[in-house]
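Chemist: I'd like to ask some things about the structure below.
In the working numbering, the protein residues as written are 179 to 535.
Have a look at this one:
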C-alpha cells in the first residue's frame with residue numbers, strides 16, 4: 179500500500195460514520211481494506227480481527243490495536259419545539275461544539291443533517307454565554323415540532339450523531355483534515371503495517387484487532403485482548419499534537435516529525451524495555467519518531483497491558499492537531515511512518531527478544 183493508497187483509506191475511514199457502539203460503517207471499510215492480508219472475523223461487539231496469512235502455531239502473538247469509534251453524541255430526547263437533546267459519547271472540547279454541523283441517524287438508517295444550536299447571544303442573560311455547557315445546547319434538524327421531527331425526519335431517541343465533516347488532503351503541504359482522526363488514522367496504520375509485511379517471513383504472528391467503544395472507556399479492547407491473548411501489543415492511536423499549544427521545550431508530539439511513543443499516560447506506564455527497543459530501532463533504521471511523557475489521556479493499551487498475565491505494550495501515536503473536536507489536522511508522512519515503524523518492530527521480534535522484555 180503506497181502513500182496514495184494509505185491516504186485514500188484514511189479518507190474512507192474518516193468519512194465513515196462511527197459513533198461509539200455504532201461502528202458498522204467503519205468495520206465495512208476495514209473489511210474491504212484488510213481482506214487481502216488475512217482471515218477476517220468479528221465478535222458480538224463488532225470488534226474486527228485479521229489473522230495474517232502465514233501465521234503459524236507456536237509463535238509469539240503480536241496484537242495490533244486501533245479503535246473504530248469516534249467522539250460523538252447520542253439523541254437523548256426530542257423537545258416539543260422539534261430540537262434534539264443529546265449526550266456526549268466521549269470527551270469533547272465543549273467550547274467548540276456549538277454552531278457546527280452534525281449528522282443524525284434516523285429510524286430509516288439515513289443520516290439527517292443538523293446544527294448544534296444554542297440560544298442566540300441577543301437572548302442570553304448576563305453571564306450565561308460564559309457558562310455554556312452541552313446541556314444548554316440542542317441539535318436542530320429543521321423541524322418545528324416533536325411531531326414533525328418524528329413524522330417527517332424519522333428522528334428517534336437512542337440514535338448516534340457524528341460531525342458532518344468531509345476529509346480533505348492538501349498534497350502541496352502534506353496535510354490531511356477531517357473528522358475522527360482519533361483513531362481512524364490508527365485503523366489505517368494497521369492496514370498499512372499489514373501491507374508492508376505482506377509476503378515476508380516472520381518469527382511472530384501479527385493479529386490485527388480493530389476495537390469498538392474506546393472513547394467511552396476502552397471497552398472493546400477488553401474483549402479483543404481476551405480473544406487474541408497477545409504476548410506483546412502495538413497500540414495505534416491518533417494522539418493530540420502539542421506543537422501549537424506547548425512551550426517550545428515541552429513540544430513532544432509535533433506534526434511531520436514522525437509518530438510519538440509515550441512513556442506514560444493516565445492509565446499505563448509503557449513497558450520500558452519494549453519502548454526502548456522500538457525507539458532505538460526507529461533511530462537505527464532512520465524512521466522519524468518522537469517520544470513523550472503524558473500527564474493525561476489513555477489508550478486501549480490500558481486494558482490490553484493488564485490482560486492475561488500482563489502484556490508488554492507500546493503506543494504508536496499519529497500526531498493530530500485539535501483532537502476531540504470536529505476537525506483534526508495531520509500529516510500523511512506521520513501516518514506512513516507509523517506503519518513503517520510498527521512493521522519494522524514486528525520484523526525484528528522473535529521469542530528470544532520478547533523473553534528479554
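We treat Cβ as the ideally placed atom computed from N, Cα and C, and that holds for glycine.
The model shown is predicted, which means the values in this text are computed figures rather than measured ones.
1) Would you call residue 430 buried or exposed, if buried means 16 or more other Cβ atoms sit within 10 Å of its Cβ?
2) From residue 199 to residue 358, what does the alpha carbon distance come to, in whole angstroms?
3) Would you grab the beta carbon distance between residue 473 and residue 363 for me? Rounded to a whole angstrom, and I think it's under 8 Å.
4) Going by other Cβ atoms of all chains shown within 10 Å of its Cβ, with 16 needed for buried, is residue 467 buried or exposed?
5) Between residue 463 and residue 373, what straight-line distance do the alpha-carbon atoms span, to the nearest angstrom?
6) Could you please give the first and the last residue of the uninterrupted beta strand (DSSP E) stretch that includes residue 229?
7) Can you tell which of 203, 333 and 245 has the C-alpha that lies nearest to the C-alpha of residue 477?
8) Going by C-alpha distance, which of 255, 399, 510 and 277 is nearest residue 481?
9) With DSSP as the reference, label residue 194 as helix, strand or coil.
10) Starting from residue 372, trace the alpha helix (DSSP H) both ways and give me its first and last residue.
11) Using DSSP's beta-bridge definition, name the partner residues of residue 428.
12) Report the start-end ranges of each beta strand (DSSP E) in the segment 237-298 that is 3 residues or longer and not cut off at the edges.
13) Report the residue from 184, 237, 394 and 228 whose alpha carbon sits nearest the alpha carbon of residue 529.
14) Could you have a look at residue 492 and say whether DSSP puts it in helix, strand or coil?
15) Report all residues from its chain with a CB closer than 8 Å to the CB of residue 234; omit the five preceding and five following residues, and keep chain order.
16) Following the continuous beta strand (DSSP E) through residue 453, name the residue where it begins and the one where it ends.
17) I think residue 471 touches residue 360, with their Cβ atoms under 8 Å apart; what is that distance to the nearest whole Å?
18) Let me check understanding here. Comparing Cα to Cα, which of 520, 319, 296 and 321 lies closest to residue 311?
19) Rounded to whole angstroms, what is the Cα-Cα separation between residue 179 and residue 243?
20) Give me the residue from 280, 222 and 434 with the minimum Cα distance to residue 249.
21) Just the C-alpha distance for residue 422 and residue 433, rounded to the nearest angstrom, thanks.
22) Restricting to runs no shorter than 3 residues, where is the beta strand (DSSP E) found entirely within the segment 381-447?
23) Which residue wins for smallest C-alpha separation from residue 485, given the options 190, 397 and 509?
24) Using CA coordinates, which residue listed in 333, 420, 324 and 416 is at the minimum distance from residue 368?
25) Less than 8 Å between the C-beta atoms of residue 428 and residue 495, yes or no?
26) Find the nearest neighbour of residue 204 within the set 331, 340, 436 and 457, judged by alpha-carbon distance.
Modeler: Judging by the given coordinates:
1) If you number the chain shown from 1, residue 430 lands on position 252. Buried, by the Cβ-count rule.
2) On the chain shown, position 21 is the one that residue 199 refers to. On the chain shown, position 180 is the one that residue 358 refers to. Residue 199 and residue 358: Cα-Cα distance of roughly 14 Å.
3) Position 295 of the chain shown holds residue 473. Position 185 of the chain shown holds residue 363. Rounded, the Cβ-Cβ distance is 23 Å, inconsistent with contact.
4) As a working mapping, residue 467 is identified with position 289 in the chain shown. That one is buried.
5) One-based indexing of the chain shown puts residue 463 at position 285. One-based indexing of the chain shown puts residue 373 at position 195. Cα-Cα distance, rounded: 19 Å.
6) The count along the chain shown starts at 1 and reaches residue 229 at position 51. Per DSSP, residue 229 belongs to the beta strand (DSSP E) from 226-230.
7) Translated into the one-based positions of the chain shown, residue 477 becomes position 299. Distances from the alpha-carbon of residue 477 to those of 203, 333 and 245 put 245 closest.
8) Along the chain shown, one-based indexing puts residue 481 at 303. Nearest C-alpha to residue 481: 399.
9) Working through the chain shown from its first residue, we reach residue 194 at position 16. If DSSP states are grouped into helix, strand and coil, residue 194 belongs with coil.
10) Here residue 372 refers to the residue found at position 194 of the chain shown. Start and end: 359-375.
11) To locate residue 428, count along the chain shown from 1; it is residue 250. Residue 428 pairs with nothing; no bridge assigned.
12) 239-245, 250-256, 262-267, 279-283 and 289-295
13) Mapped onto the chain shown, residue 529 falls at position 351. Closest by alpha carbon: 237.
14) Working through the chain shown from its first residue, we reach residue 492 at position 314. The answer is strand: DSSP assigns residue 492 an E or B state.
15) One-based indexing of the chain shown puts residue 234 at position 56. Cβ within range, chain order: 383.
16) Indexing the chain shown from 1 puts residue 453 at position 275. From DSSP, residue 453 is part of no beta strand (DSSP E) but of the alpha helix (DSSP H) over 450-463.
17) Here the question's residue 471 lines up with position 293 in the chain shown. Here the question's residue 360 lines up with position 182 in the chain shown. 19 Å between Cβ atoms; not a contact.
18) Taking the chain shown and counting its residues from 1, one reaches residue 311 at position 133. Of the listed residues, the one whose Cα sits closest to residue 311 is 296.
19) For the purposes of this step, residue 179 is identified with residue 1 of the chain shown, where counting begins at 1. For the purposes of this step, residue 243 is identified with residue 65 of the chain shown, where counting begins at 1. Going from the Cα of residue 179 to the Cα of residue 243 covers about 19 Å.
20) Residue 249 sits at position 71 when you count from the first residue of the chain shown. Ranked by Cα distance from residue 249, the first of 280, 222 and 434 is 280.
21) The residue labelled residue 422 in the question sits at position 244 within the chain shown. The residue labelled residue 433 in the question sits at position 255 within the chain shown. Near 10 Å, if we compare the C-alpha coordinates of residue 433 and residue 422.
22) 383-389, 410-418 and 438-440
23) Locating residue 485 in the chain shown gives position 307, counting from the first residue. Residue 485 has its Cα closest to that of 397, out of 190, 397 and 509.
24) Numbered from 1 along the chain shown, position 190 holds the residue referred to as residue 368. Cα-wise, what sits closest to residue 368 is 416.
25) For the purposes of this step, residue 428 is identified with residue 250 of the chain shown, where counting begins at 1. For the purposes of this step, residue 495 is identified with residue 317 of the chain shown, where counting begins at 1. It is not a contact, given that the beta carbons lie outside the stated cut-off.
26) Taking the first residue of the chain shown as position 1, residue 204 is located at position 26. The shortest Cα separation from residue 204 among 331, 340, 436 and 457 belongs to 340.
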